[in-house]
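So that you can map any letter, position 58 of the sequence shown is 63 in the working numbering, and since no number is skipped, the others follow by simple counting.
Where a beta carbon is used, it is the ideal one built from N, C-alpha and C, also for glycine.
These notes are about the structure you will find just below.
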Amino acid sequence: MDLTAQIVDAINGWLRWAATQLLSPALSAIGGLLFATPSFDRIPEVEELWTVVRNIADGLLVLAVIAAGVLVMASGTFSSRYSAKLLVPRVVLAAVAANASLVIVGGLIQLENGIVGGLLGGEPAAAVTQQLAAMPSGPAASQFVGILVALAAATLGLLLVVICIGRDVVLLIATVLAPLALATYALPQTEDLARLWWRVYGALLFVQVVQAVLVLVGLELLQHTDWLGGPVPDLVAGLVLVTVLYLLFRLPFAAYQWAFQRTLSQSAPVRTVVFAARAAFGGA
Numbered sequence: 006m007d008l009t010a011q012i013v014d015a016i017n018g019w020l021r022w023a024a025t026q027l028l029s030p031a032l033s034a035i036g037g038l039l040f041a042t043p044s045f046d047r048i049p050e051v052e053e054l055w056t057v058v059r060n061i062a063d064g065l066l067v068l069a070v071i072a073a074g075v076l077v078m079a080s081g082t083f084s085s086r087y088s089a090k091l092l093v094p095r096v097v098l099a100a101v102a103a104n105a106s107l108v109i110v111g112g113l114i115q116l117e118n119g120i121v122g123g124l125l126g127g128e129p130a131a132a133v134t135q136q137l138a139a140m141p142s143g144p145a146a147s148q149f150v151g152i153l154v155a156l157a158a159a160t161l162g163l164l165l166v167v168i169c170i171g172r173d174v175v176l177l178i179a180t181v182l183a184p185l186a187l188a189t190y191a192l193p194q195t196e197d198l199a200r201l202w203w204r205v206y207g208a209l210l211f212v213q214v215v216q217a218v219l220v221l222v223g224l225e226l227l228q229h230t231d232w233l234g235g236p237v238p239d240l241v242a243g244l245v246l247v248t249v250l251y252l253l254f255r256l257p258f259a260a261y262q263w264a265f266q267r268t269l270s271q272s273a274p275v276r277t278v279v280f281a282a283r284a285a286f287g288g289a
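What follows is the structure, encoded as structure tokens:
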């Protein structure tokens, strides 16, 4: 064997080792993050922060009641369309939702985890991770193209782990801020913030259900390869794995676009909050 062949074999061996070292932990982390949402309502620190935010929201609801009274009294002037029949139910619903938001969030998380568990079985993380980890193995893994496919799968796996962590962080923050967000439904002028919270929380929470369906479909396609004309080589299986991981990575971004329906700078609720913050800090 000449020197060039030895160098090529050494490079292939190192790339194969790197792909193995990256892919296995990435898939293990995905199994722990992708198929279960933490029960934020049961974390004592989250409950403490939520209580503080709820108390602030209750104080702001008092101001909302005063504002609603002003709007009702002005209903006969300035062509105002607001009446007690319209505003009182809003204030009551906003107060109930804000004070019960932790229970609501807990129920939604249990529902989402139950749906994912029902789709993928009792312990989806272990079963799915074991099947996915076996996809890029085999003779093709010793070839250069197969190694590149494994490296691509490992890279997408790591990026998906980052996305899963980011999703959980956003859901955690949204859980803590839920009383304030839902309290904004009290007035028609601020209700867009409450609607935005519902869209963001629902999209980021239940996108995991869509991801579970995608994983289930991907595994079925790999186990029943008639759609590809019969048994497929390991390289094709690896490419299917890369495709599934890429779609899993893209789904949260699609959920984000659906939730905001526009860029942040074009969102009326966000512009309202920014304007209020600038006025408050500018006056200080």
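- Less than 8 angstroms divides the Cβ of L198 from the Cβ of A186.
- In terms of Cα proximity to L250, the closest of G162, L177 and W55 is G162.
- Cβ contact annotation for G111 (same chain, cutoff 6 angstroms, sequence separation greater than five): D46, in chain order.
- Of L107, L209, L124 and V96, the smallest CA-CA separation from I71 is found for V96.
- With respect to the 8 angstroms criterion, L125 and V212 are not classified as neighbours on the basis of their beta carbons.
- DSSP places I48 outside both helix and strand once states are collapsed to three, so it counts as coil.
- Apart from the 5 residues on each side of it in sequence, F254 sits with its Cβ closer than 8 angstroms to the Cβ of L161, L164, L165 and I168 in its chain, given in chain order.
- A distance below 6 angstroms between beta-carbons, with the five flanking residues on each side excluded, links L177 to the following residues of its chain, in chain order: F45.
- Sequence-distant partners of A103 (beyond 5 residues in either direction) whose C-beta falls short of 8 angstroms from its own C-beta, in its chain, are R59, A62, D63, L66, A183, P184, L185, L187 and A188.
- For the pair A157 and V101, the CB atoms are not nearer than the 8 angstroms cut-off.
- With a 10 Å radius around the Cβ and a threshold of 16 neighbouring Cβ atoms, I114 comes out buried.
- Residue state for G126 is assigned as coil, using DSSP reduced to three classes.
- Taking the Cα positions, W202 is about 13 angstroms away from A99.
- DSSP, read as helix, strand or coil, puts L39 in coil.
- Contact between N118 and A41 is confirmed by a C-beta separation of about 6 angstroms, below the 8 angstroms threshold.
- The three-state reading of DSSP puts P193 in coil, since its state is none of H, G, I, E or B.
- Secondary structure at A159: helix, using DSSP grouped into helix, strand and coil.
- A105 sits in coil when the DSSP states are folded into three classes, being neither helix nor strand.
- In the structure shown, the three-state DSSP call for Q213 is helix.
- Excluding its 5 nearest sequence neighbours in each direction, S106 has C-beta neighbours in its own chain below 6 angstroms: A183, P184 and L187, listed in chain order.
- Exclusion of the five residues before and after V51 leaves F45, L177, T180 and V181 as the residues of its chain whose Cβ lies within less than 8 angstroms of its Cβ.
- For L226, the closest C-alpha among the options V241, V215 and V214 is that of V241.
- Closest in C-alpha terms to V121, from the list W55, Q266, V154 and L38, comes L38.
- Nearest neighbour of Q266 by Cα position, chosen from L252, G223, I48 and R200, turns out to be R200.
- Here Q266 carries a coil assignment [DSSP, helix/strand/coil].
- For P43, same chain residues with a beta-carbon under 7 angstroms away, outside a window of 5 residues either side, are D173 in chain order.
- Leaving aside the five residues that flank A217 on each side, the residues in its chain whose CB is nearer than 6 angstroms to its CB run, in chain order, V121, L124 and L125.
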